[in-house]
Amino acid sequence: KNEVEQSPQNLTAQEGEFITINCSYSVGISALHWLQQHPGGGIVSLFMLSSGKKKHGRLIATINIQEKHSSLHITASHPRDSAVYICAVLSLMNYGGSQGNLIFGKGTKLSVKP
Amino acid sequence: DTGVSQDPRHKITKRGQNVTFRCDPISEHNRLYWYRQTLGQGPEFLTYFQNEAQLEKSRLLSDRFSAERPKGSFSTLEIQRTEQGDSAMYLCASSRGLLLPDTHYFGPGTRLTVL
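Chains A and B are the protein sequences, given in the same order. Residues in the first sequence are numbered consecutively from 420, following our numbering. Residues in the second sequence are numbered consecutively from 386, following our numbering.
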């Protein structure tokens with residue numbers, strides 16, 4: 420079983436729809452990242468969360484530490500939002516000291532149709 | 386701040402050849418990470434530097450792989466005697482490393498194809 424699971428794997432939406440991508444993890448974490456990867460490979464960090472909720476433009480990320488679950492929401496989706504969205508966690512076992520690498524989910528491929 | 390850069394962006398090589406990739410992190414970022422991503426999968430951790438010290442290596446990093454960060458700035462990742470299974474996107478990321486947890490800044494990646 421992967422330490423980080425995302426759902427759905429693939430998501431197709433119509434422009435303007437509200438989108439939710441979910442991430443569940445099985446390890447204790449110090450932080451969770453939501454990343455965006457466009458075709459060609461470049462990855463952009465959208466959010467880093469340790470608790471609660473963050474908002475940036477049309478993107479909202481929430482995390483529930485007790486339930487080990489995070490969601491990424493996109494309001495008023497647009498074709499330019501089409502990308503792979505990746506959840507990654509910094510586990511407590513890798514926190515501080517000499518470690519700090521991320522554990523990644525497999526990603527959710529989002530396609531927004533005009 | 387010009388972001389993390391990687392060179393080359395694409396590399397095609399024949400099985401058995403050696404390849405070397407370079408990563409230039411954001412200046413003054415202490416931490417530098419190498420990840421590998423195969424098609425349809427999320428990235429997997431390979432190795433990590435704090436300044437010039439290589440502090441962690443994944444089991445994925447066989448003895449054919451070696452990484453360096455000689456002056457605590459740019460890093461190189463070398464793969465010797467490449468195999469077709471090495472075909473992947475190799476991603477580099479850097480972070481400030483001063484206060485944990487820490488935002489990663491990713492480079493564009495180097496896509497390796499081994500024929």
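Beta carbons: idealized from backbone N, C-alpha and C, even for Gly.
Residue i touches chain A at which residues, Cβ-Cβ below 8 Å?
i                      : result
residue 488 of chain B : 452, 464 and 467
residue 476 of chain B : 460 and 462
In chain B, which residues lie less than 7 Å from residue i when you measure between Cβ atoms?
i                      : result
residue 526 of chain A : 427
Measuring only the C-alpha atoms, how far is residue i from residue j?
i                      : j                      : result
residue 487 of chain A : residue 424 of chain A : 11 Å
residue 419 of chain B : residue 430 of chain B : 6 Å
residue 437 of chain B : residue 422 of chain A : 30 Å
residue 523 of chain A : residue 434 of chain B : 19 Å
residue 429 of chain A : residue 445 of chain A : 22 Å
residue 465 of chain A : residue 526 of chain A : 14 Å
residue 449 of chain A : residue 494 of chain A : 27 Å
residue 460 of chain B : residue 405 of chain B : 10 Å
residue 520 of chain A : residue 422 of chain B : 14 Å
residue 506 of chain A : residue 432 of chain A : 20 Å
residue 464 of chain B : residue 478 of chain A : 39 Å
residue 407 of chain B : residue 467 of chain A : 27 Å
residue 448 of chain B : residue 402 of chain B : 15 Å
residue 409 of chain B : residue 495 of chain B : 12 Å
residue 466 of chain B : residue 450 of chain B : 9 Å
residue 517 of chain A : residue 528 of chain A : Legend: pLDDT at residue 517 of chain A = 44, less than 50; position of this residue unreliable, no value from coordinates given.
residue 438 of chain A : residue 496 of chain A : 7 Å
residue 472 of chain A : residue 424 of chain B : 31 Å
Anything in chain A within Cβ reach of residue i, meaning under 9 Å, just list it in chain order.
i                      : result
residue 450 of chain B : By Cβ distance, chain A contributes nothing, its closest Cβ being about 15 Å from residue 450 of chain B, past 9 Å.
I'd like to know if residue i contacts chain B, where contact means its C-beta is closer than 8 Å to some C-beta of that chain.
i                      : result
residue 520 of chain A : yes
residue 484 of chain A : no
residue 517 of chain A : Annotation note: pLDDT 44 at residue 517 of chain A (below 50); position unreliable, coordinate value reported separately. So yes, residue 517 of chain A belongs to the interface.
residue 534 of chain A : Residue 534 of chain A lies beyond the stretch modelled for chain A, which goes from 420 to 533, so this question has no answer here.
residue 430 of chain A : no
residue 509 of chain A : yes
Considering Cα atoms alone, identify which of the options is closest to residue i.
i                      : options                       : result
residue 500 of chain A : A/443, A/436 and A/441        : A/436
residue 470 of chain B : B/406, B/500, B/389 and B/416 : B/500
residue 476 of chain A : A/462, A/468 and A/492        : A/492
residue 489 of chain B : A/461, A/438, A/433 and A/434 : A/461
residue 510 of chain A : A/473, A/443, A/459 and A/463 : A/443
residue 479 of chain B : B/442, B/443 and B/491        : B/491
residue 473 of chain B : B/443, B/428 and B/481        : B/428
Please tell me whether residue i has its Cβ less than 8 Å away from any Cβ of chain A.
i                      : result
residue 441 of chain B : yes
residue 494 of chain B : yes
residue 491 of chain B : yes
residue 430 of chain B : yes
Which residues in chain B have a C-beta closer than 9 Å to the C-beta of residue i? List them in chain order.
i                      : result
residue 440 of chain A : What residue 440 of chain A touches in chain B: nothing, since even the nearest Cβ is about 13 Å away.
residue 523 of chain A : 420, 422, 426, 427, 428, 429 and 430
Okay, do the region 392-404 of chain B and the region 451-461 of chain B touch, 3+ Cβ pairs below 8 Å being the bar?
-> no
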